[in-house]
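Asks:
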Amino acid sequence: MIASRRRILSVLPFVPALLADEPGRYVTERIAVGLRFTEGPAWSKDGFLIFSDTAKDQLLKWIPGREAEVFREHAGGPAGNAFDAEGRLYTCETRARRVTRTDKKGAIEILADRWQGKRLNAPAGIVVSKSGHVYFTDPAFGYQLDHRELDFYGVYHIPPKGPMELVARPAGRPHGIAVAANGRTLYVSNADEHNVRAYDLDRNGSASNERVLVSGTPGVPGGMGVDEKGNLYVAANGVSVYTPQGHLIQTIEMHDPASSCAVMDGPPAYIYVTSRGTVYRMHVAEE
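Position one of the sequence shown corresponds to residue 13 (our numbering), numbered consecutively onward.
(1) For Q128, which of helix, strand or coil comes out of DSSP?
(2) When DSSP builds the beta bridges, which residues end up paired with F148?
(3) Out of D158, G258 and R288, which one is the CA nearest neighbour of F249?
(4) Could you spell out where the beta strand (DSSP E) holding Y155 opens and where it closes?
(5) Pick out the complete alpha helix (DSSP H) segments inside the region 51-82, 4 residues or longer, and give them in chain order.
(6) Output needed for I170: all residues of its chain with C-beta closer than 7 Å, excluding positions within five of it in sequence on either side, in chain order.
(7) Can you list, in chain order, the residues of its chain with a C-beta nearer than 7 Å to that of A108? Leave out the 5 residues immediately preceding and following it.
(8) Give the DSSP bridge partners of E41, in chain order.
(9) Between K130 and R209, what straight-line distance do the alpha-carbon atoms span, to the nearest angstrom?
(10) Give the straight-line distance between the Cα atoms of G7 and T114, rounded to the nearest whole angstrom.
(11) Within this structure, are the beta carbons of I283 and V291 separated by less than 9 Å?
(12) Could you pull the start and end residues of the beta strand (DSSP E) that Q262 belongs to?
(13) Hey, T197 and D212 are a contact pair by Cβ (cut 8 Å); roughly how many whole angstroms apart?
(14) For S143, name the three-state secondary structure that DSSP assigns.
(15) Using a 10 Å radius around the Cβ and a threshold of 16 neighbouring Cβ atoms, would you call F63 buried or exposed?
(16) Quick one: using the 10 Å Cβ neighbour count with 16 as the cut-off for buried, is T286 buried or exposed?
(17) Is it true that the CB of D65 sits closer than 9 Å to the CB of R78?
(18) Considering A248, what are the terminal residues of the beta strand (DSSP E) in which it resides?
(19) Tell me whether A209 sits in a helix, a strand or coil according to DSSP, three-state version.
(20) Can you tell which of A183, R42, A97 and V111 has the C-alpha that lies nearest to the C-alpha of P76?
(21) Under the three-state reduction of DSSP, which class applies to N133: helix, strand or coil?
(22) Ordered along the chain, which non-local residues of its own chain (more than five positions away) have a Cβ less than 6 Å from that of M294?
(23) Quick check on the burial criterion: 16 or more other C-beta atoms within 10 angstroms. Buried or exposed for P151?
(24) Going by CA-CA distance only, name the one from D277, S272 and P279 that's closest to A91.
(25) Assuming contact is defined by CB atoms lying nearer than 9 Å, are A180 and V167 in contact in what I supplied?
(26) What residue range does the beta strand (DSSP E) around A219 cover?
(27) Please list, in chain order, all residues of the same chain as D204 whose beta carbon is under 6 Å from its beta carbon, the five residues on each side excluded.
(28) For P186, list the residues DSSP reports as bridge partners.
(29) Let me check understanding here. Comparing Cα to Cα, which of N194, I189, T103 and A193 lies closest to N202?
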């Protein structure tokens with residue numbers, strides 16, 4: 013059941029701040045403050061944002077013009093979140109070591125918690141393609157390393173029908189994950205290698221042709237987002253924006269490292285960014 017929603021954070025007044033120069037300038041506003049460690053922003057087509065406070069074991073909900081509120085308590089140590097075309101919420105629960113799906117009535121279903129009989133490490137990033145294919149990363153950080161049953165870090169695929177598949181076993185820890193708007197490319201960031209890998213996706217959602225798309229990210233890459241033009245947004249030391257070919261367009265600088273981001277295509281177009289105890293909304297400045 014979804015916990016009763018109570019308001020906990022004030023919506024701050026719009027705070028313009030120049031974050032980047034050419035080729036685009038961004039302004040930002042803080043939409044939630046006073047949290048411990050935010051992760052996993054996901055925009056719902058129903059007009060609200062879901063994000064995690066992993067340290068406080070909460071999922072939170074923000075509706076534009078209102079205060080953020082608790083969506084779910086005792087959420088399994090939530091990290092990455094995503095919505096599918098039906099408006100169902102997918103969450104990586106790092107402490108519970110599983111991936112869940114919540115329908116629009118609040119019923120929670122476990123989609124994945126084991127691979128070949130062994131418990132997952134600590135699912136972190138998740139994305140759902142427009143055709144309903146689910147992809148998630150399974151690294152392990154901090155104390156999670158001491159409780160692993162699997163001897164590798166994984167990237168997984170849950171098709172709409174059929175069993176879960178292992179996409180990759182990278183040497184470093186995979187973290188963020190995204191699918192191109194056209195559904196043909198899967199992106200995975202690697203926290204240890206400071207890079208982003210790309211995979212081709214076929215009509216069945218299966219991945220192939222692994223390659224390094226971006227090397228030497230500025231900081232530890234976390235969550236990612238994509239826009240309708242195919243550009244890739246990578247949260248690290250700020251948010252770096254790349255072309256589909258991996259060429260850097262610009263880096264939106266921030267005071268604290270960003271943990272994750274989500275892109276809402278417009279008009280208006282927004283980037284939602286989680287950074288420590290604060291959640292931001294950004295948009296391109298009007299000239």
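Built from N, CA and C at the ideal position, the CB exists for glycine as well.
Replies: Based on what the coordinates show:
(1) Three-state result, Q128: coil.
(2) Paired residues: I138 and Y168.
(3) Note on residue identity: the sequence assigns Asn, not Phe, to residue 249. Closest option to N249, Cα to Cα, is R288.
(4) Run containing Y155: none; DSSP gives neither H nor E here.
(5) Listed in chain order, there is nothing to give.
(6) Short of 7 Å from the beta carbon of I170, and not among the five residues preceding or following it, lie these beta carbons of its own chain, in chain order: L123, A124, V146 and M176.
(7) So the list reads G88 and G89, once near-sequence residues are dropped.
(8) Looking at the DSSP assignment, E41 forms a beta bridge with R293.
(9) Looking at the two C-alpha atoms, the distance is approximately 26 Å.
(10) This structure leaves residue 7 out entirely; the chain is present only between 13 and 299.
(11) Contact: no.
(12) Residues L260 to I264.
(13) With a Cβ gap of about 6 Å, T197 and D212 count as contacting.
(14) Here S143 sits in coil by DSSP.
(15) F63 is buried by the Cβ-count criterion.
(16) Counting other Cβ atoms within 10 Å of its Cβ, T286 reaches 16 or more and is therefore classed as buried.
(17) Going by C-beta atoms, R78 is not nearer than 9 Å to D65.
(18) For A248, the enclosing beta strand (DSSP E) covers residues L244 to A248.
(19) The question names Ala, but residue 209 is Arg in the sequence shown. R209 falls in the strand class under three-state DSSP.
(20) Checking every option, the nearest Cα to that of P76 belongs to R42.
(21) Coil.
(22) Taking M294 as the centre and dropping the five residues before and after it, the same chain places the C-beta of Y38, T40 and I283 closer than 6 Å to its C-beta, in chain order.
(23) Of the residues assessed, P151 falls on the buried side of the cut-off, its CB having 16 or more other CB atoms within 10 angstroms.
(24) Closest in alpha carbon position to A91, among D277, S272 and P279, is S272.
(25) Yes, these two residues count as a Cβ contact at 9 Å.
(26) Where A219 is concerned, the enclosing beta strand (DSSP E) stretches over A219 to S227.
(27) Result list for D204: G184 and R185, in chain order.
(28) N202.
(29) Per the C-alpha coordinates, the member of N194, I189, T103 and A193 positioned closest to N202 is I189.
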